[in-house]
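Below is one structure, written out as structure tokens, with a few remarks after it.
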Amino acid sequence: MDCPECKGTEHCKAGFSGGRQRYRCKSCGYHYTVEKKSDVKSVEIRRMALEMYLEGLGFRSIGRLLHISYGTVYQWVRKWSEQVELPVSEGVVDIVELDEMHSYLKEKKNSGGYGLLLIDFQNGSSLLSAETVPRHRE
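In structure tokens, the structure reads:
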């Protein structure tokens, strides 16, 4: 790393600035810091991360597979979601999915429960109706 002023190669360490090593040129006395290391990921890696997220993988899984931080993946997805405007349908809902949920507790003292989950895919909302039932004694 040469001095940006005089292009001299003689330098000594002169503390830190913003967490980066600072240097002083022995020829002209100019103080400078080294350029920040760039670890910017390629467009291909970003695209793969977004595709994996859209396929249902979690942030941590994507980070492990691509050898990057899950926080970075989260930031990419969040930034992408702010830039994209998803289509909104204002028509009448024709198809809904009704799913029954039931929990069975065999040897627990507390009671089990059941419920119905109603999902409206077009509006992206869901309604859960849950109820507990006393356990049957045998």
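Letter by letter, the sequence shown follows residues 336 to 473 of this note's numbering.
Here a beta-carbon is modelled for each residue, glycine too, at the ideal position from N, C-alpha and C.
Remember, predicted model here, so these are calculated numbers, not experimental data.
Within the DSSP secondary-structure output, K348 pairs in a beta bridge with Y358. The continuous stretches of alpha helix (DSSP H) do not include Y365, and DSSP gives it neither H nor E. For F351, the number of other beta carbons within 10 angstroms of its own is below 16, and it is reported as exposed. Residue environment analysis places M336 among the exposed positions, since fewer than 16 neighbouring C-beta atoms fall within 10 angstroms of its C-beta. Scanning H402, R381, T344 and E340 for the CA closest to the CA of W415 turns up R381. Taking all protein chains shown into account, G354 has fewer than 16 neighbouring C-beta atoms within 10 Å of its C-beta and is therefore exposed.
For E386, same chain residues with a beta-carbon under 6 Å away, outside a window of 5 residues either side, do not exist. When the alpha-carbon of F394 is set against those of V408, M383 and Q356, the nearest one is in V408. For V412, same chain residues with a beta-carbon under 6 Å away, outside a window of 5 residues either side, are Y388 in chain order. In the three-state DSSP reduction, E379 falls in the helix class (H, G or I). Counting of Cβ neighbours within 10 angstroms places C360 among the buried residues, the total reaching 16 or more. Here DSSP, grouped into helix, strand and coil, assigns M387 to helix.
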